[in-house]
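Structure first, then comments.
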Amino acid sequence: PIGISLNTEWTALAPLLISIDSAIFIQKLQIHLSPLKDYLGNTCGALGIGQNNIKATVDISDEEHQVGEMVASAPFPIGVYAGREMRIVQANDAIIEVWGKGKEVIGKTYREVLPELEAQSIYSQLEHVFDTGIPFHARNQRIDLTIQGKLTTFYFNYSFTPLHDVHGNIYGIMNMAADVTDLFLAKQQVERSEDEFRSMISQAPVAMCLLLGPSHKVALSNALMLEVWDRELDEVMDKPLFEVLPDTWEKGLAEDLTKVYQTGETYQAIERPITLNHDGEAKVFYLNFVCKAYRGRDGGILGMLAISVDVTAQVLARRELERAYEQASLAKEAGQLGTFDLDVVTGRLQWDSRCRELFGVAQDGEVEYERDFVQGLHIDDRNRITKIVEKTLYEGFGGGEYDVLFRTLGQNTPKMRWVKAKGKVYFDDKGDASRFIGTVLDVTEQQYAELRAREVAEKQARLAAIVDSSDDIIISKQLDGTITSWNAAAERKFGYSADEAIGKHISLVIPSNRMDEEDFIISQIRKGNKVDHFDTVRLAKNGTELQLSITVSPIVDGKGNVIGASKIARDISVQLEARAATLRYTERLEIMNMVIKAVSEELDLNSILQKVTDATTELTNAGFGAFFY
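When you line the sequence shown up against our numbering, it's residues 810 to 1438, in that order.
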């Protein structure tokens, strides 16, 4: 408004660092403003002329110079980007090597040099720092860079720091980075190794734990070891072992573990008795366990890996077996087992008293294989059993295991018995049979019971076949009326399949006005009475009424209790129709006889014709009848 010209630098614009022939210059905008006047000489505007003022960076501030020196000499990647377009004004050798784009990057925009970062959030991070002035830092960040035409994955720690001019305006961003790819991958490998180690302990089929330090602090433990200790994981983690189990471990174990930690010498115990507190009660367990030193990368002992197997059950079982062996003779007698022992080399055969009894051999005297065993076999089993014995002894049949069933007919007491024999052949170093021992058991009653069971099963199978092939309807039901079986004839007559009928109430086929019949039938069945030839009507699926003659019998269990009813129904529609036809035929004969009698007694022709007419009318159920003559 006062009309005075002005020469100034436009301070609203930040200076721009640019590269010319590999040298760094600072570019500022020099503005010349002149007044514009109208024809009366009044100021009506201003004319502005701007000119780039490029100066060498030697004129920039010491701070900026120091920044440039730091960028160039830093051993780690550093870049400086000017303007919101992020034009690269400085980039040291380290960051140029990381980018892998060659050295001709100064003066280009960040996007031009690294277009592959478009989808990796980097540009948005830079823009946010430039717009807000808030530095951005990232650690172990995955960055995919195109190196020699191939997209390669790296991991960086990096930061974007805003750069301000003397007026406080942001004119660029400094990017500092550290390539931590090798470190990150190595860390991942270590983590994977640790995870695999933890997984190995966790999934091990035996109890395992990792104890660290001289106090044997619990660092890892799988579920099986927690089960041995009878503790939860949070009760033991990061706690010294003997703090977790203060009074229950056997004396001397602490010294053994300390020796492993101090010397690295592996400790191993077999069936070591350990007293542990389970469910509030001190109990003795037998454990096989190994404690092996756990070392770091430098070979130093960090702790120990403990592996334990609870063999309490096996130890107790073995002791029980030893006791059982002592009682074997009593058990043999109680079970009425007989024993045999054949010395294959000498041919000497020994039978105990029970074995002699089963073969009908005298209790005194020597036992001979051919005379007493072979001849004592039922003739129908003799050839089969002797072949099995020979194959077992001389061909190793069945791995020397002998398990057969045969019949015996004693010589002195000819009584047939079924005998179950089990034995084993022992072989010498040459593979030749040396001894054959085993037991025999009288299973006669069992065989007869199985025979009876087979006969019952066969009868049931035949009965089932008869029921299914019968033309009569055969149904079974529970006392509450629930249908439990439904044969093919029932499917054909009623129109319901077995799947549709079984499980439904019997009222499915009973007319509503005949439900009282069912109540009567069930009342008789509950008493154990049979209902014979009960003529009634039942309903088919399509609504057709079926004329049936029903016979209902009670079903009883093994104790004689009535548990249901069996119904046999026969379609009597044809019989009823035949019965009605017979009745009609009989009535007609009676009428004809009456007419013949009347004709024979009557001489008047008109009277005879009238009687014939009346009889015909009655036979044909006509309304009236007449002869015309």
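Even for Gly, the Cβ is constructed at its ideal location relative to N, Cα and C. Note that this is a predicted model, so its numbers are computed, not measured.
Where residue i falls: helix, strand or coil (DSSP)
i: A1091; result: strand
i: R893; result: coil
i: D868; result: Confidence in D868 is poor, its pLDDT being 46 and thus under 50, which makes the residue's placement unreliable; the coordinate value appears in the next sentence. Helix.
i: A1078; result: strand
i: N949; result: strand
i: A1242; result: strand
i: E1210; result: strand
i: E1354; result: strand
i: P924; result: helix
i: F1168; result: coil
i: H1025; result: coil
i: G1290; result: coil
i: I1334; result: helix
i: R1216; result: strand
i: P1055; result: coil
i: F965; result: strand
i: V1118; result: strand
i: D1181; result: helix
i: T1360; result: strand
i: L1111; result: strand
i: K1048; result: coil
Cβ neighbours of residue i in the same chain (closer than 6 Å, five flanking residues each side left out)
i: F1206; result: K1200
i: H1087; result: D1039
i: A881; result: N901
i: A832; result: Since pLDDT at A832 reaches only 46, below the 50 mark, its modelled position is unreliable, and no value is offered.
i: R893; result: F939
i: K996; result: none
Burial state of residue i (16 or more Cβ within 10 Å)
i: R1323; result: exposed
i: M1441; result: Because the chain spans 810 through 1438 in this model, residue 1441 falls outside it and cannot be assessed.
i: A1274; result: exposed
i: L960; result: exposed
i: L1385; result: exposed
i: A1234; result: Checking the displayed sequence, the identity of residue 1234 turns out to be Val instead of Ala. With 16 or more other Cβ atoms within 10 Å, it is buried.
i: K1376; result: buried
i: A758; result: This structure leaves residue 758 out entirely; the chain is present only between 810 and 1438.
i: N1351; result: exposed
i: N1192; result: exposed
i: M1225; result: exposed
i: E1166; result: buried
i: R1127; result: exposed
i: F1329; result: exposed
i: P1223; result: exposed
i: A891; result: buried
i: R896; result: buried
i: I904; result: buried
i: P924; result: exposed
i: L1392; result: exposed
Nonlocal neighbours in the same chain, by C-beta distance under 7 Å from residue i, ignoring five residues either side
i: A900; result: G888, V914, I915
i: H1342; result: S1358, T1360
i: H1314; result: G1290, T1291
i: D1344; result: S1358, I1381
i: R948; result: N966
i: V1154; result: S1243
For residue i, the nearest candidate out of the options (CA to CA)
i: V1371; options: K1336, L992, G1352, E1386; result: K1336
i: G909; options: F939, D953, N1296; result: D953
i: R1216; options: Q1287, D1150, I1194; result: I1194
i: P1023; options: G1109, F1245, R1001, A1310; result: G1109
i: L1019; options: Y964, D940, L972, K1101; result: K1101
i: I982; options: L1021, L935, K996, A995; result: L935
i: F795; options: L923, V922, L1218; result: There is no way to answer for residue 795, as the model of the chain reaches only from 810 to 1438.
i: L926; options: T955, I905, G942, K917; result: T955
i: V1383; options: E1204, I1364, Q1356, D1241; result: Q1356
i: I1334; options: K1286, D1190, L1130; result: K1286
i: T962; options: R1007, A1078, V907; result: V907
i: R1081; options: D1107, R1106, V1124; result: V1124
Cβ-based neighbour list, residue i, same chain, cut-off 8 Å, excluding 5 preceding and 5 following
i: V1118; result: V1015, A1016, L1096, N1097, F1098
i: P1320; result: V1346, R1347, L1348, E1354
i: I1197; result: F1206, Y1211, V1213
i: D991; result: none
Test: residue i CB closer than 8 Å to a CB of chain D
i: S1162; result: The chain labelled as chain D is not found in the depicted structure, where only one protein chain is given.
Original post:
Taking three-plus beta-carbon pairs below 8 Å as touching, is the segment 986-994 in contact with the segment 884-892?
Top reply: Proximity of the segment 986-994 to the segment 884-892 meets the contact definition, three or more beta-carbon pairs being nearer than 8 Å.
Subject >> contact_flag[the segment 1068-1086, the segment 1108-1116] where n(CB pairs < 8 Å) is 3 or more >> reply: The segment 1068-1086 vs the segment 1108-1116: in contact.
Subject >> Three CB pairs or more closer than 8 Å across the segment 1020-1028 and the segment 1046-1056 >> reply: Cβ pair count under 8 Å is three or more, so yes.
Original post:
If you pair each beta-carbon of the segment 1254-1272 with each one of the segment 1170-1180, do three or more pairs fall below 8 Å?
Top reply: The segment 1254-1272, when compared against the segment 1170-1180, does not touch it at the 8 Å Cβ threshold.
Original post:
How do the segment 1297-1305 and the segment 1277-1287 stand: do at least 3 beta-carbon pairs fall below 8 Å, yes or no?
Top reply: As far as the Cβ criterion goes, the segment 1297-1305 touches the segment 1277-1287, which means the pair count is three or higher.
Subject >> Meets three-Cβ-pair contact criterion under 8 Å: the segment 1151-1166 and the segment 1260-1274 >> reply: By the Cβ rule, the segment 1151-1166 does not count as touching the segment 1260-1274, because fewer than three pairs are nearer than 8 Å.
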